[in-house]
Structures are given as structure tokens and as C-alpha cells.
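In the numbering used here, the protein residues as written are 10 to 382.
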């Protein structure tokens, strides 16, 4: 078990491209930290620098009390699970899992005990004498995780381990990894885990905390709930959540002490007073208005506060709920509603929608920082 600390860590390639811009991050003992962000945001590069598979151009990386900048991967006390499994095709599952321990010169009995224990945790005991080609992708990935477990590393590193699996297997493996982290904690051997994914559902369900990256910079590090409910900036607001937060380019207005924005001429939305403490310097300036789809509902009347009229353009039926895409002026907005009597036959009709602005956010038009927190 160990902390992982990054101080002003940078990565610049020989062609001058700077992939990572001075990252500062502390990962706690036994924490499950997830790196998430779009393709090219440097999440895998950052993970590989922690692993020692990628040299850093500046800064310092500590694992536990040791600065590991110049240590080889094998000396860092880490185990890594890759996207492509990286199993030896000619070896059995047992031999794949035992290989690292054999290289360390561990006794045969200890190797057998560790491999058997890890196989039981991952429910692959009946696969121990099969070869990789005889198994499914999900089974191979469990073997790759098992190979990491038997080494009893200080830090587990996962580089998009589930991206090659189909949707159902991804859910199953996600649960397995979460259970593994919890079981190690309950056994008194909590493991520090760093997990890279582009899938925000994985991030939100697995992480104790999530580090959102964009273009080699940290946008926000926080708990899943805080990232979702209190995004620090427009990027995090738009990236975390499915469907994404509605973000409208507009202007902040003030009248008789009330702050409001207009989604279209005549479609005024009043901002609650508890969100307006920082607004005085933003009057008549560009802002982004944000509201999540679940905070928009269909209204029977146009008279309620913050009720707007919109033209239905798309209906997505998700089973227990529907995503209603509607237009207000030039803005396309999504409402997430429990199953109601609206179908694709209603496309083109106009409906009244009520916005619960107690959950809305306002982002500065220039800095894109959340000024309503």
C-alpha cells in the first residue's frame, strides 16, 4: 500500500509537442483514483509515467516515500493491467499468473498459494490450465488482473482494461474490479489503484475520486458526486454525465435585483438568489447557462416560473425513461423524463418545459469557470 504523488510533472516530446503541463496530484493510500478524459488528454501518458514506461520531462513522481523518477518499472512496486491483456499465448493461465513470481525466485508452494488465492477472488479457478486462445476476452482480462494481484504490488495501474470488451462484459468486469478493491480493503490489505478510462460510467462507478484531464491539464479532482453536482468549469460540466449537461451560450441580465438569462426572445429563465453571489461583475456579459436533462420536465401550463416553450425534434426511448430533444430558438436542449405518453409521433409538436433552476450552473464566458458555486 502506498501514496502516489505527482509534483509539476511534465511530458514534452522531441518534436516539441508538450503532452502534459505541470500536473500536481496526490493519490492516497488505498484510494481508487480514476483518470478520465477525451482521447488525447494524456491520461494514459500520465499513467505510463507513473509506471516508468514513459520518461518524464520535468517534475517529480513519488510512490510511498521514494522518488521513482529514475527507477525501472520493476523496481517501483507497481503492477500494470493493459488494454490488450499481454498474456503469453503458449503458457497456461497458471503459468501466466505465476511468471512474475518465478522471476522473483519465490518458492513453488508460495507461488501456488498466491495464484490459487487470486484465481478464487476472480472466479477463474477452473481456467487455470487453459491457454489464452481457449478463453473469452473477459476471462483473459481476469487473468491479466490476477497476474497483477499475485505480485501484491504497492500500486495497481489499469490502462483502459475493459475497452476491448463488449458492453455486457464491461459491466461484469467493472463489478469484479470494484469487488477486488473492496475485498482487499476488508482483508486489511487495501490497494492503491489508478485506473485510466475514457468511459465516464466506469469513472463514476469505480472511483473514490476522479481526476478529469483535458489537453494535458487537470480540470478537476473530486468525488464522483461532486464532479456531477458541482463541476468547477464548463469542460467538466459537459464531459461528466450522460446525456451531457445542456450548455447554452447566452448573456447574464439583471432587472429589479433579479438575475436571468434568455434561451430565446421571450424565453426568460430566472436564476435563484442563492447562486448569484458572484454575478454582479458579469451583468450583460457572455456566460454559459448549464442545466442537466433530469432537471427539465414537461409542464401542463405555461404559467409556472421558468417554463419555456420548445419544439420536439427527437425522442429517445431508453426503456424506463425517455430523452426528449427540443428546440428553443436556436438552442437544442435535452430533457430526461420518466416514461410519459410522448412518442416519435409527437415530433414537431410544441410542448411546455419547466426548468428547475435550483440545480442550474452559470459559467464565465471567458474563463469558463463556474461562477454559480
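Idealized CB from N, CA, C, for every residue including glycine.
This one's a predicted model, so the numbers in the text were calculated from it and none came from an experiment.
Thinking C-beta only, is residue j closer than 7 Å to residue i?
i, j, result
"residue 160", "residue 88", "yes"
"residue 60", "residue 189", "no"
"residue 136", "residue 120", "no"
"residue 358", "residue 321", "yes"
"residue 337", "residue 272", "yes"
"residue 175", "residue 92", "no"
"residue 33", "residue 16", "yes"
"residue 215", "residue 234", "no"
"residue 223", "residue 308", "no"
"residue 261", "residue 304", "no"
"residue 217", "residue 41", "yes"
"residue 332", "residue 343", "yes"
"residue 279", "residue 245", "no"
"residue 66", "residue 20", "yes"
"residue 152", "residue 78", "no"
"residue 334", "residue 323", "yes"
Can you grab the Cα-Cα spacing for the pair residue i / residue j, in whole Å?
i, j, result
"residue 196", "residue 253", "38 Å"
"residue 255", "residue 162", "42 Å"
"residue 288", "residue 128", "57 Å"
"residue 43", "residue 150", "18 Å"
"residue 116", "residue 101", "19 Å"
"residue 228", "residue 84", "31 Å"
"residue 277", "residue 269", "7 Å"
"residue 208", "residue 263", "39 Å"
"residue 90", "residue 74", "24 Å"
"residue 147", "residue 178", "6 Å"
"residue 63", "residue 80", "11 Å"
"residue 114", "residue 82", "18 Å"
"residue 242", "residue 377", "6 Å"
"residue 248", "residue 72", "30 Å"
"residue 95", "residue 240", "37 Å"
"residue 131", "residue 155", "7 Å"
"residue 212", "residue 68", "26 Å"
"residue 27", "residue 325", "41 Å"
"residue 360", "residue 316", "10 Å"
"residue 205", "residue 172", "10 Å"
"residue 139", "residue 99", "10 Å"
"residue 310", "residue 45", "41 Å"
"residue 25", "residue 123", "45 Å"
"residue 286", "residue 366", "15 Å"
"residue 86", "residue 297", "45 Å"
"residue 39", "residue 369", "34 Å"
"residue 380", "residue 125", "54 Å"
"residue 356", "residue 97", "54 Å"
"residue 354", "residue 199", "54 Å"
"residue 210", "residue 180", "10 Å"
"residue 157", "residue 29", "27 Å"
Could you tell me which of the options sits nearest to residue i, measuring between CA atoms?
i, options, result
"residue 238", "295, 302, 182", "302"
"residue 266", "283, 365, 153, 251", "283"
"residue 329", "347, 30, 69, 313", "347"
"residue 164", "12, 349, 327", "12"
"residue 219", "36, 113, 23, 182", "36"
"residue 295", "372, 206, 250", "372"
"residue 250", "323, 30, 300", "300"
"residue 258", "200, 339, 153, 280", "339"
"residue 51", "356, 226, 381", "226"
"residue 382", "375, 281, 314, 185", "281"
Determine the DSSP secondary structure at residue i, reduced to helix, strand or coil.
i, result
"residue 160", "coil"
"residue 289", "helix"
"residue 140", "coil"
"residue 379", "strand"
"residue 215", "helix"
"residue 25", "coil"
"residue 387", "Limits of the chain in this structure are 10 at one end and 382 at the other, which puts residue 387 out of reach."
"residue 171", "coil"
"residue 249", "coil"
"residue 100", "coil"
"residue 208", "coil"
"residue 331", "strand"
"residue 196", "coil"
"residue 131", "coil"
"residue 277", "strand"
"residue 361", "strand"
"residue 94", "coil"
"residue 123", "helix"
"residue 107", "helix"
"residue 35", "strand"
"residue 63", "coil"
"residue 351", "coil"
Just to check, is the beta-carbon of residue i closer than 6 Å to a non-hydrogen atom of the ligand ZN?
i, result
"residue 103", "This structure lacks the ligand ZN, and indeed carries no ligand of any kind."
For chain D, is any of its Cβ atoms less than 7 Å away from the one on residue i?
i, result
"residue 304", "Absent from the structure is chain D; it holds one protein chain and no more."
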